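Per the UniProt record's numbering, the sequence shown runs over residues 1 to 266.
Built from N, CA and C at the ideal position, the CB exists for glycine as well.
Since we're looking at a predicted model, the values are computed, not measured.
Here's the structure, in structure tokens; my notes come after.
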Amino acid sequence: MSVDKVVARAADAIADIARGSSLGVGGFGLCGVPGVLIDALLARGTGELRVVSNNCGVDDGGLGLLLRRGLISRMTSSYVGENKEFARQYLSGELEVELVPQGTLAERLRAGGSGIPAFYTPAGVGTPIADGGLAWRYGADGSVAVASPPRETRTFDGREYLLEEAIRTDFALVRAAVGDRQGNLRFHASARNFNPLVAMAGRVTVAEVEELVEPGELGPDEIHLPGVFVQRVVPVRAGDPAAGKRVERRTVRARQEGTVGHGSDT
Numbered sequence: 001m002s003v004d005k006v007v008a009r010a011a012d013a014i015a016d017i018a019r020g021s022s023l024g025v026g027g028f029g030l031c032g033v034p035g036v037l038i039d040a041l042l043a044r045g046t047g048e049l050r051v052v053s054n055n056c057g058v059d060d061g062g063l064g065l066l067l068r069r070g071l072i073s074r075m076t077s078s079y080v081g082e083n084k085e086f087a088r089q090y091l092s093g094e095l096e097v098e099l100v101p102q103g104t105l106a107e108r109l110r111a112g113g114s115g116i117p118a119f120y121t122p123a124g125v126g127t128p129i130a131d132g133g134l135a136w137r138y139g140a141d142g143s144v145a146v147a148s149p150p151r152e153t154r155t156f157d158g159r160e161y162l163l164e165e166a167i168r169t170d171f172a173l174v175r176a177a178v179g180d181r182q183g184n185l186r187f188h189a190s191a192r193n194f195n196p197l198v199a200m201a202g203r204v205t206v207a208e209v210e211e212l213v214e215p216g217e218l219g220p221d222e223i224h225l226p227g228v229f230v231q232r233v234v235p236v237r238a239g240d241p242a243a244g245k246r247v248e249r250r251t252v253r254a255r256q257e258g259t260v261g262h263g264s265d266t
């Protein structure tokens, strides 16, 4: 029996995300960000969200839209990036932030989706990550109000490792290039960096898809994430402003007059 997981409206797909929910969000920079689902969550105004994502978008895009509205209370991420509001809220004590090495964050999500409660890693050994005391939240006076705890360490084959716990979230929002009605997904290029891992770690995963196909149209080798990890599929409507793809920072060199061919801007 075929299971159709398609939800026509993004607003309906995220309607049960409650205040204070933990939320995994896919994307890398502004690549592969589920903008339609974020826009629906912004319109709903659900606050006190505890978000896990590689980064927090930019000031006027991606997760930065939720942050600017004060809807995020805690971020677990590996990169502050171009978001000045992220830094401002963290340093002023408005936002709790757990910064995690990028590879460790990816593995914590993968472990959560694979049923592995924790794992040992050499990343962070001999640093404040292992020792604890990193500022997760500042007080209004600049003091450390919430500090990271010390990690359990253990030696394997003469090398020290520290224990990292897996991440599971109440919900996960991801974006895929192609998805079928059963939730099987294919991602494009760098959008594959964190989206599959975030989807695995979510107890309820909602995927917005740029192209919706019928079951069987995606070949087995084309599927990057099987539908068992996805509960809802939202087709992206053509022309939806929230579905646009932005460049985080566009850098071009100055045009050189009279140059053509390889290496030129013409």
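Query raised in the report: What's the C-alpha gap between H262 and D39?
Result: With a pLDDT of 48 at H262, under the threshold of 50, the modelled position of this residue cannot be trusted; read the value that follows with caution. It is roughly 41 Å from the alpha-carbon of H262 to the alpha-carbon of D39.
**Report entry** Beta bridge counterpart(s) of M200 as assigned by DSSP
**Finding:** The secondary-structure analysis by DSSP pairs M200 with nothing; it has no beta-bridge partner.
**Report entry** Sequence-distant residues of its chain with Cβ nearer than 7 Å to R186 (five each side left out)
**Finding:** Only A176, A177, V178, L218, E222, I223, H224 meet the Cβ criterion.
Query raised in the report: Mind checking D60: buried by the 16 CB within 10 Å criterion, or exposed?
Result: Within a 10 Å sphere around the beta-carbon of D60 sit fewer than 16 other beta-carbons, which makes this residue exposed.
Query raised in the report: Cα separation between S143 and T127?
Result: CA-CA distance, S143 to T127, rounds to 21 Å.
Report task. Report the option in Q102, H188, A207, E98 whose CA atom is closest to the CA atom of P149. Result -> Taking each of Q102, H188, A207, E98 in turn and checking the Cα distance to P149, the smallest one comes out for E98.
Report task. Please confirm if the stretch 106-125 is in contact with the stretch 155-175, defined as three or more CB-CB distances below 8 Å between the two stretches. Result -> Yes, the stretch 106-125 is in contact with the stretch 155-175.
Report task. Have a look at S58 and L65 and give me their C-alpha separation to the nearest angstrom. Result -> Looking at the sequence shown, residue 58 is not Ser but Val. Taking the straight line from one Cα to the other gives about 8 Å.
Query - 8 Å CB neighbourhood of Y138 in its chain, flanking five on each side removed - result: Result list for Y138: Y90, L91, S92, G93, V144, A145, in chain order.
Query raised in the report: For E152, is the classification buried or exposed, using 16 other Cβ atoms within 10 angstroms of its Cβ as the cut-off for buried?
Result: By the Cβ neighbour-count rule, E152 is exposed, with fewer than 16 other Cβ atoms within 10 Å of its own.
**Report entry** Residues near L173 by beta carbon distance below 6 Å, same chain, minus five either side
**Finding:** Leaving aside the five residues that flank L173 on each side, the residues in its chain whose CB is nearer than 6 Å to its CB run, in chain order, V25, P34, L37, V206.
Query raised in the report: With respect to the alpha helix (DSSP H) encompassing D180, which residues constitute its N-terminal and C-terminal limits?
Result: Per DSSP, D180 belongs to no alpha helix (DSSP H); it is in the beta strand (DSSP E), 169-180.
Query raised in the report: Which residues in the same chain as A201 place their Cβ atom closer than 7 Å to its Cβ, once the five residues preceding and following it in sequence are excluded?
Result: Residues G24, L109, G112, G113, I167, R168, T169, A172 of the same chain have their beta carbon placed closer than 7 Å to that of A201, with the five preceding and five following residues left out of the count.
Query raised in the report: For N83, which option in S73, L63, E96, V100 has the closest C-alpha, if you only look at C-alpha atoms?
Result: Closest option to N83, Cα to Cα, is L63.
Report task. Check S78 in the structure and name its three-state DSSP category. Result -> Looking at S78 - three-state DSSP - the assignment turns out to be coil, as it is neither helix nor strand.
Query raised in the report: Roughly how many angstroms separate the alpha carbons of L30 and G20, rounded to a whole number?
Result: Distance between the alpha carbons of L30 and G20: 24 Å.
Query raised in the report: Any idea which residues DSSP pairs F119 with across the strands?
Result: Beta-bridge pairing by DSSP links F119 to E164.
Requested in this report: Please check the pair A147 and L134, which I expect to be a contact at CB under 8 Å, by giving their CB distance rounded to whole angstroms.
Outcome: So it is a contact: roughly 6 Å between Cβ atoms.
Report task. Look at L105 and S78 and say whether their C-beta atoms are less than 8 Å apart. Result -> Judged by beta-carbon spacing, S78 lies within the 8 Å limit of L105, meaning their Cβ atoms are closer than that value.
Report task. Please go through the same chain and pick out, in chain order, the residues whose beta-carbon is closer than 6 Å to the beta-carbon of F28, but skip the five residues on each side of it. Result -> For F28, where only same-chain residues beyond five positions count, the Cβ hits under 6 Å are N54, S190, N193, F194.
Query raised in the report: Cα separation between G45 and V3?
Result: The straight-line gap separating the alpha-carbon atoms of G45 and V3 is approximately 31 Å.
Query - Distance between E257 and A11 (C-alpha atoms, nearest Å) - result: In a straight line, the C-alpha of A11 is about 50 Å away from that of E257.
Query raised in the report: Leaving out five residues before and five after V209 in sequence, what residues of the same chain have Cβ atoms less than 8 Å from its Cβ?
Result: If you ignore the 5 residues before and after V209, its C-beta comes within less than 8 Å of the C-beta of R175, A176, A177, V178, G179, L185, V233, V234, P235, V236, all in its own chain and listed in chain order.
Report task. Identify the continuous alpha helix (DSSP H) that holds F86 and give its terminal residues. Result -> Unbroken alpha helix (DSSP H) run through F86: 84-91.
Report task. Would you grab the beta carbon distance between G47 and G70 for me? Rounded to a whole angstrom, and I think it's under 8 Å. Result -> The pair is a contact, with the Cβ atoms about 7 Å apart (cut-off 8 Å).
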